[in-house]
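S.K.: What follows is a structure written as structure tokens; I'll ask about it next.
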Amino acid sequence: QKEVEQNSGPLSVPEGAIASLNCTYSDRGSQSFFWYRQYSGKSPELIMFIYSNGDKEDGRFTAQLNKASQYVSLLIRDSQPSDSATYLCAVIRGGGADGLTFGKGTHLIIQP
Amino acid sequence: EPEVTQTPSHQVTQMGQEVILRCVPISNHLYFYWYRQILGQKVEFLVSFYNNEISEKSEIFDDQFSVERPDGSNFTLKIRSTKLEDSAMYFCASSESSSADTQYFGPGTRLTVL
Chain W
10 QKEVEQNSGP
20 LSVPEGAIAS
30 LNCTYSDRGS
40 QSFFWYRQYS
50 GKSPELIMFI
60 YSNGDKEDGR
70 FTAQLNKASQ
80 YVSLLIRDSQ
90 PSDSATYLCA
100 VIRGGGADGL
110 TFGKGTHLII
120 QP
Chain S
28 EPEVTQTPSH
38 QVTQMGQEVI
48 LRCVPISNHL
58 YFYWYRQILG
68 QKVEFLVSFY
78 NNEISEKSEI
88 FDDQFSVERP
98 DGSNFTLKIR
108 STKLEDSAMY
118 FCASSESSSA
128 DTQYFGPGTR
138 LTVL
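As you go down the protein sequences, you meet chains W and S in turn. So for the first sequence, the working numbering puts the first residue at 10; every next one is plus one. So for the second sequence, the working numbering puts the first residue at 28; every next one is plus one.
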């Protein structure tokens, strides 16, 4: 049974601060890792993906992957009120057409 | 920027009726997917489709469900004899190459079964 665990929150962060979101996964065969953002009533929107251990930066976002610990994180620097959303961690084995396994998401609130 | 489109945005049906949800994946993408999200719950994988056949399906995707690519652009999900518990958001997604590639989601169809 593939599981992806996230703290559901809400996680409240002051505007301008760093928001840190965490995710653990159970399937050691997972190869690709994604962070999606979902606003209420909307579809998941890709924020970042990461395949290799270490850090990957894209603008204000940094994804971190530690396959040995089966742990993925997302850092959001200089948090803005528009970053308030639910952040979904998703993992996949890849190599075929298998589907993403999603966590329940962390509800992030950026306080102005 | 290319995007996945879905119609209708909201579908209301009576229990026991059949519904067809439609998706137009991004044009150069080869892998297509359906997911669902029951209100307040996580996004769940239903089925993936490649080269005109189902590649993988989850436990949720039972005989009540079917998928089809009737022409070169549309990708459909048919739900036969809908049940109350089928009420959910249904998302279509597509990826360019393998599933390890990024999957881009459509805006979703909200299905309400009365």
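Heads up, the beta-carbon is just placed ideally off N, CA and C, and yes, glycines get one too. Remember, predicted model here, so these are calculated numbers, not experimental data.
Against S:Val-70, what residues of chain W qualify as contacts under a CB-to-CB distance less than 7 Å, listed in chain order?
M.R.: Those are Pro-53, Leu-97 and Phe-111, listed as they occur along chain W.
S.K.: Where S:Thr-40 and S:Thr-139 are concerned, what is the direct C-alpha to C-alpha distance, given to the nearest angstrom?
M.R.: So the alpha carbons of these two residues sit roughly 6 Å apart.
S.K.: So that I know if they touch, is there some Cβ in chain W lying closer than 7 Å to that of S:Glu-28?
M.R.: No - not a single Cβ of chain W is within 7 Å of the one on S:Glu-28.
S.K.: List the residues of chain S whose Cβ lies closer than 9 Å to the Cβ of W:Gly-114, in chain order.
M.R.: Within chain S, the residues near W:Gly-114 are Lys-69 and Val-70.
S.K.: Kindly list the residues whose CB is nearer than 6 Å to the CB of W:Ile-59, restricted to its own chain and excluding five residues on each side of it in sequence; keep chain order.
M.R.: Correct list, in chain order: Phe-42, Lys-65, Ala-72 and Leu-74.
S.K.: Just checking: is the beta-carbon of S:Phe-102 within a distance shorter than 7 Å of some beta-carbon in chain W?
M.R.: Not an interface residue.
S.K.: How about W:Asp-107: is its C-beta nearer than 7 Å to some C-beta of chain S?
M.R.: Chain S contact via Cβ: present.
S.K.: For the pair the region 65 to 78 of chain S and the region 31 to 51 of chain S, tell me if three or more CB-CB distances fall below 8 Å.
M.R.: Verdict: no, contact absent.
S.K.: Could you check whether S:Tyr-131 and W:Gly-108 sit closer than 7 Å to each other, using their CB atoms as the reference points?
M.R.: No, these two residues do not count as a Cβ contact at 7 Å.
S.K.: Say whether chain S places a C-beta atom closer than 7 Å to the C-beta of W:Phe-58.
M.R.: With 7 Å as the cut-off, W:Phe-58 counts as an interface residue toward chain S.
S.K.: Let me check understanding here. Comparing Cα to Cα, which of W:Ser-82, W:His-116 and W:Asp-67 lies closest to W:Asn-31?
M.R.: Measuring from the Cα of W:Asn-31, the nearest candidate turns out to be W:Ser-82.
S.K.: Using the Cβ count rule (16 or more neighbours within 10 Å means buried), how would you classify W:Ala-77?
M.R.: Classification of W:Ala-77: exposed, given that the 10 Å Cβ count is below 16.
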